[in-house]
Every structure is written in C-alpha cells, then in structure tokens.
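Structure first, then comments.
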Amino acid sequence: MNETLGAVLDWVAILCILAGAMLSLVAGVGLIRLPDLLSRMHAAAKPQVLGLVLVLVGIDIRLIPVETNVFNVGTLVLVALFQMATIPVAGHITARVGYRTGRIEEGLMARDELAERLEADEAAAGDRGGDGAAR
Amino acid sequence: MTRPRKRKRAGLTALRRRVGKVQVPVALGMTLVWMLLFKGFQPRWESLGLLVLGFLVSVLIMVLFPMPPITPMPRFHPVHLVRLVLYVLAEMVVASFQVTVIIFTRRQAPSSVVAVRMRTDSDLTMVCTAIAASIIPGTLIVEVNRSERVLYVHMLGVGDDEAVERGRRDIWKLERRFVMALGTHEDIAALRAGGPEALDEQETREGGERP
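Chains D and B supply the protein sequences, listed in that same order.
Take 1 as the starting number for the first sequence in my numbering and just add one per residue.
Take 1001 as the starting number for the second sequence in my numbering and just add one per residue.
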C-alpha cells in the first residue's frame, strides 16, 4: 500500500517537473517569436513563474519522505515566495523604461491609454516649461 | 564634557523613537521567513530559540533600516484569503495556456495599454493588485499613478474594445478579492457600496460637500 502511494507521488512529482520544464521552454520560444519588448516581457516573466512553481512543487513532493540537511520544504516555499515578490518589480521597471524610451511597436498597439495621458501631461508641462526655460 | 553626554542622550531618544516605530506584525512576518530559512518548524527545543532570535533580528533590521509604516494594517480574513490564493493560482494556469497559444499561433499579436482606476483608497491593495496582475500571464504593469490610483496595464492579445473592457473587469475582480481578503472594514464597505461608477458619483458628491 505504502509502495503504491510512493509510486503515485513519484509520478505526480515527475509530471509537475515536466510541465514546469515545458512552460519554461514555451517562455524561451516566446522570447524569440513575439514582436516587441512589452510582449516579450510577458513571455519572459510569466509562464516561467508558473514553470518554476511547478518544478518546486515536484521537488517538494519528492522531498517530503526524504530528510536532507541542505534544504527542505520551507526553503522551497521561500524560493517561490521571493520569486513572486521580485518578478513584478523587475518586470515593471523594464516595461516602464522600455515604454518611456519608445521601444514599442506602435503598429501592434490597439489601444494606448497611457500615451493619451502622457501627451496631456506633456502639454501641461510645456506651458510651465516655457517659464522654466525663460528662467 | 557636556557635549558628548548631550549627544548621547539625543542618540538615545532617537533610538527610542525608532524602536517605537517597529511594527510588530511586520516583525512577526520577518520572523516567519527566518523560521522557514532555518527549518524552525520542527518539534524540538532549538525551534524556540530560533523564534526568539528571529524576532530579535527582525526588530534590529527594522531599527537599523526604518521603512515607512504600512497603514492601515491589513486585516486577514482567512476564508477570503484562501479563495484569493486559489483564484490567483487558477488564473495563472488558465492565462499561461492563453499566452502559450498566442506564442505559437499568432506572430503579430495585438496588445493594448489600459488605464484601470482602483476603486479603493489603500496603497496596500494597489500594490497587491499590481503584483498579482504582474504574476498572472497576459497582464503587465507599465506605469502606476499613485496620486490618482490608476494602474496602466499592458495586455497581450487584447485588440478590440470588448476585450479591453473584459481585461479591465478582470483587474477589478482581482482588486475586489484583495480587498475582501486584506482590506479594512471601510474598504469593504466602499466596495459594497457599488461598482466604479457608483464610487465615482460618491466621490464627486463628497467633493461637492467639502468646500
């Protein structure tokens, strides 16, 4: 009975790790195939998060019956947690810089509400900017 | 002789002020991370020492590197918290497949940057919503306008108006779940009072009363 349970857990772990690896592969393919920076950010940051989490879950399942002295389930939870906390920050900064320096393909942008907003801001700043230049 | 002593006293009051600013719940959260790092969740005597040591280290970090306090402190609603986590996980799986399909079928996928106005007035909710939207595939935060509470979200594969509205509603749904799980009573009441349109009306009404 215990052996069958172990075998089932093994298979679940294998499937999780395999699915995670596939998602990371998809992320890599997306990096090449997608047209511009913002779209590529989606591929780079996202399927890879789920991929990593799946790999970690797979390792978790294998780890529960085994006692190692290097790391345990808690460590893996921390890895997932920090990955989820840091990826949005890095993604946001990259997207922001990319957008502000104009590294986007406007032809693919169906609707851009930020551009409208920035133009309005710039027009307002232009009025004030005249004073600034005079000073 | 008096000057060093005076300086010492000023240093002491500054230290006391900093210690007073330590937020205990935040310190407890850091202690939790410490326990996870050092395998503190095992029934043995060392775990107790780890707990105390972790708390002391957390307080020390917060005294040495003070951060702006989290106000108001979140209230945890366990049931809604579990539902929130499950919802985000489900969205991650579904949206991962959508992004995968886009990657393999369409070379020139359209995308949009959509402005989403938050319905509640708390920084914490806004940050959490932004983080969750970043983790869920297909949405990416390009720009945040804190004073007006607007998130500018880049959405992959969103071309027409209908899809834009659907994406906007998804972000609102995310926000609603975060408010239900972490928000204060006022936030939840504000959310219950109605959708974004109702809240806008309310704001203009309040703004009209104030002056």
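We put the CB at the ideal spot given by N, CA and C, even for glycine.
- What L114(D) touches in chain B, judged by beta-carbon distance under 8 angstroms, is V1113, A1115, V1142, E1143, Y1152, going in chain order.
- Interface residue (Cβ-Cβ distance to chain D less than 7 angstroms): V1082(B) is not classified as such.
- Two segments are said to touch when three or more pairs of C-beta atoms, one from each, lie closer than 8 angstroms; by this definition the segment 1082 to 1101 of chain B touches the segment 1135 to 1142 of chain B.
- Assignment of D1160(B) by DSSP, reduced to helix, strand and coil, places it in the coil class.
- The C-beta distance from L1015(B) to M1035(B) rounds to 27 angstroms, too long to fall under 8 angstroms, and the pair is not in contact.
- Under the 7 angstroms criterion on CB atoms, V1099(B) is classed as interfacial with respect to chain D.
- Proximity of the segment 1177 to 1195 of chain B to the segment 1104 to 1114 of chain B falls short of the contact definition, fewer than three beta-carbon pairs being nearer than 8 angstroms.
- From the listed residues D1161(B), E1165(B), W1172(B), R1106(B), the smallest Cα separation to M1118(B) is found for W1172(B).
- Residue pairing by DSSP puts D112(D) in a beta bridge opposite V1113(B).
- Scanning the segment 1067 to 1102 of chain B from its first residue to its last, no whole beta strand (DSSP E) run of 3-plus residues comes out.
- For M1118(B), the three-state secondary structure derived from DSSP is coil.
- Annotation: Cβ neighbours of L78(D) in chain B (cutoff 9 angstroms, chain order): V1033, L1036, L1037.
- Taking A45(D) as the centre and dropping the five residues before and after it, the same chain places the C-beta of I87, G91 closer than 7 angstroms to its C-beta, in chain order.
- According to DSSP, residue pairing for Y99(D) in a beta bridge does not occur.
- Here L1151(B) really is in contact with A1130(B); their C-beta atoms are around 6 angstroms apart, less than 8 angstroms.
- Within the DSSP secondary-structure output, N2(D) pairs in no beta bridge.
- Looking only at T1120(B), R1168(B), V1158(B), V1153(B), the smallest Cα-Cα distance to S1147(B) is reached by T1120(B).
- Taking 8 angstroms as the upper bound on Cβ-Cβ separation, chain B lies near residues G30, R33, L34, P35, L38, S39, M41, H42, A43, A45, K46, P47, V49, L50 of the segment 30 to 52 of chain D.
- For V79(D) against L56(D), the beta-carbon gap comes to about 6 angstroms, under 8 angstroms, which counts as contact.
- Using a Cβ-Cβ cut-off of 8 angstroms, I87(D) is close to S1134, I1135 of chain B, given in chain order.
- If you check the CB distance, A27(D) and A43(D) come in under 7 angstroms.
- If you draw a straight line from the Cα of R1017(B) to the Cα of V97(D), it is about 38 angstroms long.
- The C-alpha of T1100(B) is placed about 16 angstroms away from the C-alpha of L52(D).
- For I17(D), same chain residues with a beta-carbon under 6 angstroms away, outside a window of 5 residues either side, are V55, G58 in chain order.
- When the beta-carbon positions are compared, R1177(B) and L1084(B) come within less than 7 angstroms of each other.
- For T1129(B), the uninterrupted alpha helix (DSSP H) segment begins and ends at 1123 to 1135.
- Within the DSSP secondary-structure output, E1143(B) pairs in a beta bridge with Y1152(B).
- Beta-carbon to beta-carbon, S1058(B) and A1090(B) are separated by about 33 angstroms, too far to satisfy the 8 angstroms threshold.
- Your pair E113(D) and V1114(B) checks out as a contact, with CB atoms roughly 6 angstroms apart and the cut at 8 angstroms.
- In this structure, M1062(B) places its C-beta atom within 7 angstroms of the C-beta atom of V1022(B).
- Per the C-alpha coordinates, the member of V1158(B), L1060(B), C1128(B) positioned closest to R1149(B) is C1128(B).
- If the five residues before and after T94(D) are omitted, its C-beta is found closer than 7 angstroms to the C-beta atoms of M41, all from its own chain and listed in chain order.
- Here K1008(B) carries a helix assignment [DSSP, helix/strand/coil].
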